[in-house]
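One structure below.
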Amino acid sequence: MDKVSRYPVKILLGDRRTRSQSPVHESKHSLREPFGLLNAFDEVMLKPGGIITHPVCRAGIFCLLPVVGACEVKGTDSRTIDIGGLYFTHVEINDVVHIKNPYAQEWIRFIMWELTGESTESNALQSFELNLDLGKLIRIFKGSVHGQRIAVRAGMFEGRAEGSLSLPNANHFIFVLEGVFEVQNRLLHAHDALSMPACTHLEFEALSNNAILLIISQF
Numbered sequence: 002m003d004k005v006s007r008y009p010v011k012i013l014l015g016d017r018r019t020r021s022q023s024p025v026h027e028s029k030h031s032l033r034e035p036f037g038l039l040n041a042f043d044e045v046m047l048k049p050g051g052i053i054t055h056p057v058c059r060a061g062i063f064c065l066l067p068v069v070g071a072c073e074v075k076g077t078d079s080r081t082i083d084i085g086g087l088y089f090t091h092v093e094i095n096d097v098v099h100i101k102n103p104y105a106q107e108w109i110r111f112i113m114w115e116l117t118g119e120s121t122e123s124n125a126l127q128s129f130e131l132n133l134d135l136g137k138l139i140r141i142f143k144g145s146v147h148g149q150r151i152a153v154r155a156g157m158f159e160g161r162a163e164g165s166l167s168l169p170n171a172n173h174f175i176f177v178l179e180g181v182f183e184v185q186n187r188l189l190h191a192h193d194a195l196s197m198p199a200c201t202h203l204e205f206e207a208l209s210n211n212a213i214l215l216i217i218s219q220f
């Protein structure tokens with residue numbers, strides 16, 4: 002049995018997250034300790050024109066997903082990432098990722114996470130539109146870290162729509178971006194998360210319209 006599968010199932014409530022902030026941003030941290038290879042998972046609000054620097058504590062993969070508005074990201078390369086895109090880069094300890102809000106009047110919101118360990122074969126979709134694939138989980142990232150496969154999926158669902166995901170003995174981290182879901186008989190609202198170790202068959206149901214779910218799977 003691998004280390005993460007010995008962890009208990011945990012509901013991580015959005016309104017109980019620890020937070021850090023500066024004059025230009027507020028960051029809310031869903032993880033208080035690593036979940037397998039997932040070392041950090043943060044939701045960030047960044048003010049108009051604001052810039053933050055994100056120091057990397059461990060070598061691995063850094064990922065960023067815009068939720069509201071586009072982000073200018075400078076890591077090993079510089080790119081502008083809009084909604085429907087996923088930024089990822091391989092990072093080393095003590096690297097720094099710079100993130101800027103390009104808008105003059107609008108706040109932006111994004112989520113970012115880190116996977117720890119040597120990475121191979123990583124790739125992501127160049128663009129995706131969840132509303133065009135309503136009712137489906139779309140794989141937006143896949144890779145291998147420390148010999149363990151990683152997949153990130155996202156989907157938008159109408160109320161009462163059901164879905165499932167089957168992977169052998171997978172360790173899932175589930176985050177509700179919008180709306181309300183029931184996942185494995187547990188009620189999750191927007192900004193709530195669920196860590197589900199050693200799960201072969203994951204089931205969920207949307208309880209509101211245009212509900213959006215993100216699943217990071219280690220298997």
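All letters in the sequence shown, in the order written, are residues 2 to 220 by my numbering. For glycine and all other residues, C-beta sits at the position ideal for the given N, C-alpha and C.
Item to check | Simplified DSSP assignment, three categories, for Asn132 | outcome: helix
Checklist entry - In whole angstroms, what is the alpha-carbon distance linking Ile141 and Ala212? => result 17 Å
Checklist entry - Expressed to the nearest angstrom, what Euclidean distance is found between the alpha-carbon atoms of Gly70 and Asp83? => result Taken atom to atom, the span from the alpha-carbon of Gly70 to that of Asp83 is near 6 Å.
Checklist entry - Which ranges would you report for the beta strand (DSSP E) in the segment 18–93 if only whole runs of at least 3 residues count? => result 19–23, 26–30, 39–47, 52–56, 61–69, 72–75, 79–82 and 88–92
Item to check | Buried versus exposed call for Asp16 [16 or more other C-beta atoms within 10 Å across all chains shown] | outcome: exposed
Item to check | Check whether Phe42 and Ile112 have beta carbons under 9 Å apart | outcome: yes
Next on the checklist: With three or more beta-carbon pairs closer than 8 Å as the criterion, would you say the segment 170–180 touches the segment 201–211?
Outcome noted: The segment 170–180 is in contact with the segment 201–211.
Next on the checklist: Using only the alpha-carbon positions, how far apart do Ala93 and His173 sit?
Outcome noted: Before going on, a small fix: residue 93 reads as Glu here, not Ala. If you take the alpha carbons of Glu93 and His173, they lie about 25 Å apart.
Item to check | Cβ separation of Val10 and Ile62, assumed to be a contact under 8 Å, to the nearest whole Å | outcome: In this structure Val10 is not in contact with Ile62, their Cβ atoms being roughly 25 Å apart against a cut-off of 8 Å.
Next on the checklist: Taking 6 Å as the limit between beta carbons, can you name the residues of its chain near Val97, skipping five residues before and five after?
Outcome noted: Thr54 and Pro56
Checklist entry - What do you reckon, are the CB atoms on Leu13 and Ser167 nearer than 9 Å? => result no
Item to check | Arg110 vs Pro67 beta-carbon contact at 9 Å | outcome: yes
Item to check | Own chain, CB closer than 8 Å to Asn124, minus 5 neighbours either side, in chain order | outcome: Phe142, Lys143 and Gly144
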